[in-house]
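For the sequence shown, UniProt numbering assigns the number 3 to the initial residue and increments by one for each residue that follows.
Every residue gets a Cβ at the ideal spot worked out from N, C-alpha and C, and that includes glycine.
Nothing here was measured: the structure is a model prediction, and the numbers come from that model.
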Amino acid sequence: AGELTLAAVDLGASSGRVMVARVAPGQLDLREVHRFPNRPVRAAGTLHWDVLGLYAGVLDGLRAAGRLDGVGIDSWAVDIGLLDADGELLGNPVHYRDARHATAVPTVHAVAGPGELYRVNGLQHLPFNTVFQLAAMRRRAGFGRARHALLVPDLLAYWLTGSVGAEVTNASTTGLLDSTTGEWAWGLIDRLELPRHLFPPLVRPGDRIGELSPEVLAETGLTGPVPVTAVGSHDTASAVVGVPAHGARFAYVSCGTWSLVGVELIRPVLTDASRVAGFTNELGVDGTVRYLRNVMGLWLLQESLRTWAAAGLPADLAELLAAAAQVPAFTAVVDPDDARFLPPGDVPARIAEVCAETGQAPPSSQAETVRCILDSLALAHRRTVRQAVRLTGRDVDVVHVVGGGARNTLLCQLTADACGLPVVAGPVEAAALGNVLVQARAAGVLAGGLPELRALLRETQATRTYRPTGDPAGWDAAERRVHGAVDD
Ligand code: LFR
């Protein structure tokens, strides 16, 4: 087979992208053909995704591509759209940052406690995991009309092709998939009194979902047939495929709105120590396990910029990062995973509040706030890498930073310093690259497992290496300020 032109639809919490890659053995180049904002909308007290607006952006991107041999879709996880028996969408998907989901945590825990849930689904407890979302929806009028619950990429794939399915890497974030068998956890689903028909047949990365429908071909001006292939439809699953690692002794930070920090395993770790440390066992491509923790990530910075811009303060990221580089390290450090940081709002004020509670002088300028965020994230990266090593027994020699955060030179250097390990930064577009690699392999243009796909990344994608510098003792002292002890 020759060269293929493949589209990766990659939706993040703040923007969507359609990227087009040309792939052949020894060749992988990617360009962005369309980028569109993803603006959550609060209406009648609930934070929603404008999913039809996103779908319109996807169609615009496919139109801009001009000619395609295939399409794959990935996005953030956990959030779902409900379809009725006619395939009609029952309301806009609710945003995972909406407060509603957490109200159903006690309801679920009354049926299956945290220990039991973990032994089945292996997930970090996050109050917005789909299992809690569905338990909250179950109480609402209209839920009885729902026929299918579709994760966002599966919903878009349904609109593009007419096929209903649940891609397994993303399904593994619902809390309703058995992390050991990789099948729906029917026992748990039944006990939670969720109708089984909500959960469509599972599809695996590489499976063919369908083809762009005649309606979509007409709408986009594309010439068919254009196959739509399941990829790691959870953006983090695709991003981990897109880590240009050599061998197995690596940790990764998929760094964007969230920092997803962990290692790649072949079997889940379901111990109580792992649960208490907040590690998740999400399923990866080729039967791997993404053993990681959600760290709050660059959301803290994004939300600070939004707050400042709204208040008419300077909000230029490059300028603020340059100023933050001049601020002395560890002026203040916080735990980025403090639950107060999850909902949208005035993050700088919340940081000041947490500093005051932990006996630290709150940042006194925007630059100090930015520095506090980056020091705190680097420290959380260090803590999480160390815990992952301890809990899995996997030794790591290098930390790969992929995603938008790979552009943040200060954060990459601080992460190398904090971890005491080299950081290899890039590619920024790891998720889109992982998406097209899986499509290209399914089409027979590439062969092999993740090591072969990653070898192609190393040949074709630029990275930058940061060596650890500075005194590790400073990070130990900072860790004691946040957590009272250093976890080795
Ligand atoms: C990253 C991500 C994380 C998931 C969070 C919410 O974009 O997919 O992996 O925990 O978004 O869905």
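Would you say residue i and residue j are within 8 Å of each other, going by their C-beta atoms?
i, j, result
"Ile211", "Ala173", "no"
"Ala247", "His402", "yes"
"Gln368", "Ala334", "no"
"Val80", "Leu49", "no"
"Thr132", "Ala239", "no"
"Leu412", "Ser261", "no"
"Leu64", "Val20", "yes"
"Val398", "Phe252", "yes"
"Gln389", "Ala279", "yes"
"Asn94", "Asp156", "no"
"Ser181", "Pro270", "yes"
"Asp76", "Gly234", "yes"
"Gly72", "Glu461", "no"
"Phe38", "Ser16", "no"
"Asp337", "Ala480", "no"
"residue 498", "Thr465", "The chain is shown only over 3 to 490; residue 498 falls outside these bounds and no answer can be derived."
"Leu267", "Val297", "no"
"Asp209", "Ala232", "yes"
"Pro364", "Ala354", "yes"
"Leu8", "Ala442", "yes"
"Asn410", "Ala10", "no"
"His383", "Val255", "yes"
"Val484", "Leu323", "no"
"Gly249", "Arg295", "no"
"Asp237", "Trp78", "yes"
"Val400", "Arg373", "no"
"Gly124", "Leu92", "no"
"Leu32", "Ala23", "yes"
"Gln135", "Ile82", "yes"
"Val430", "Ala408", "yes"
"Leu423", "Phe281", "no"
"Ser276", "Thr371", "no"
"Ala445", "Leu84", "no"
Any chance the CB of residue i is under 7 Å from a heavy atom of ligand 1?
i, result
"Gly14", "yes"
"Ala79", "yes"
"Tyr468", "no"
"Leu458", "no"
"Leu49", "no"
"Gly146", "no"
"Leu260", "Reading off the sequence, residue 260 comes out as Trp, not Leu. Result yes, Cβ under 7 Å from ligand 1."
"Asp237", "yes"
"Tyr293", "no"
"Tyr160", "no"
"Tyr254", "no"
"Tyr120", "no"
"Asn283", "no"
"Asn123", "no"
"Asn296", "yes"
"Tyr98", "yes"
What does residue i pair with, by DSSP beta-bridge criteria?
i, result
"Ser261", "Cys257 and Val297"
"Asp12", "Arg19 and Asp76"
"Ile82", "Leu153"
"Ala168", "Leu204"
"Leu423", "Paired residue(s): none; Leu423 is not in a bridge."
"Met33", "One detail in the question is off: residue 33 reads as Arg in this sequence, not Met. Answer by DSSP bridge pairing, in chain order: Val22."
"Thr48", "Ala45"
"Tyr468", "Val425"
"His236", "Ser77"
"Phe252", "Val400"
"Glu359", "Answer by DSSP bridge pairing: none, since Glu359 is not bridged."
"Trp188", "Answer by DSSP bridge pairing: none, since Trp188 is not bridged."
"Thr282", "Leu294"
"Gly212", "Val230"
"Leu179", "Trp186"
"Val96", "His50"
To the nearest whole angstrom, what separates the beta carbons of residue i and residue j, a pair I think is in contact under 8 Å?
i, j, result
"Ala432", "Ala151", "With a Cβ gap of about 28 Å, Ala432 and Ala151 do not count as contacting."
"Leu439", "Val122", "Rounded, the Cβ-Cβ distance is 31 Å, inconsistent with contact."
"Thr471", "Asp419", "6 Å"
"Thr163", "Val230", "5 Å"
"Leu300", "Cys257", "7 Å"
"Gly486", "Ala331", "Wrong, their Cβ atoms sit about 20 Å apart, outside the cutoff."
"residue 492", "Leu194", "What the structure shows of the chain is the stretch from 3 to 490, and residue 492 is not part of that stretch, so it cannot be assessed."
"Gly167", "Val205", "4 Å"
"Ala138", "His103", "6 Å"
"Leu452", "Val287", "7 Å"
"Pro129", "Val113", "Contact doesn't hold; Cβ gap of about 16 Å is too wide."
With hydrogens ignored, establish whether the beta-carbon of residue i is closer than 7 Å to any heavy atom of ligand 2.
i, result
"Trp301", "What this structure holds is ligand 1, not ligand 2."
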